[in-house]
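Residue 47 in our numbering is what sits at position 47 of the sequence shown, and the numbering runs on without skipping anything.
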Amino acid sequence: MKDKTVELRKIWSYFNGEPHVFLATADSDQPRVRPVTLVHLREKLYVTTGSDNAKVRQIEENPKTEFCLLFEEGERKGTIRTECIARIVKD
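Structure below.
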């Protein structure tokens, strides 16, 4: 069995830099998916956007979101799909 700490570090390594992911939110009874750029800072993930953007309203109404990261590692390709509870951070 692999060390879970090593596996977790490997997963976090895919989020270094500013990777593009597909973010899913809900708009009433309709799912909405769009590409966004993640910012990985101190083991947290952020998406920057304007406060009047539709995804902000959607997250305020229903913070349950998912995102999917596509990755390549040599010959291997894959995805990391994550369920999360988003929250709005204002600067």
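Every residue gets a Cβ at the ideal spot worked out from N, C-alpha and C, and that includes glycine.
Got a sec: does the ligand FMN put a non-hydrogen atom nearer than 7 Å to the Cβ of D29?
Questions concerning the ligand FMN fall outside what the structure shown contains, since it holds no ligand whatsoever.
Would you identify the three-state DSSP class for K90, choosing helix, strand or coil?
Looking at K90 - three-state DSSP - the assignment turns out to be coil, as it is neither helix nor strand.
Kindly identify the DSSP beta-bridge partner or partners of I30.
Position check: residue 30 holds Gln in this sequence, whereas Ile was assumed. According to DSSP, which records beta bridges pairwise, Q30 is partnered with D27.
Using a Cβ-Cβ cut-off of 7 Å (strictly less than) and excluding sequence neighbours within five positions of T82, which residues of its own chain qualify?
Answer for T82: E66, F67, listed in chain order.
For D27, which option in N53, K4, D91 has the closest C-alpha, if you only look at C-alpha atoms?
That would be N53, whose Cα lies nearest to the Cα of D27.
Is the beta carbon of V39 closer than 8 Å to that of F22?
No, these two residues do not count as a Cβ contact at 8 Å.
Exposed or buried, what is K4 when buried is set at 16 or more other beta-carbons lying within 10 Å of its beta-carbon?
K4 is exposed by the Cβ-count criterion.
For G74 and L45, I'd like the C-alpha separation in whole angstroms.
Their Cα atoms are separated by approximately 25 Å.
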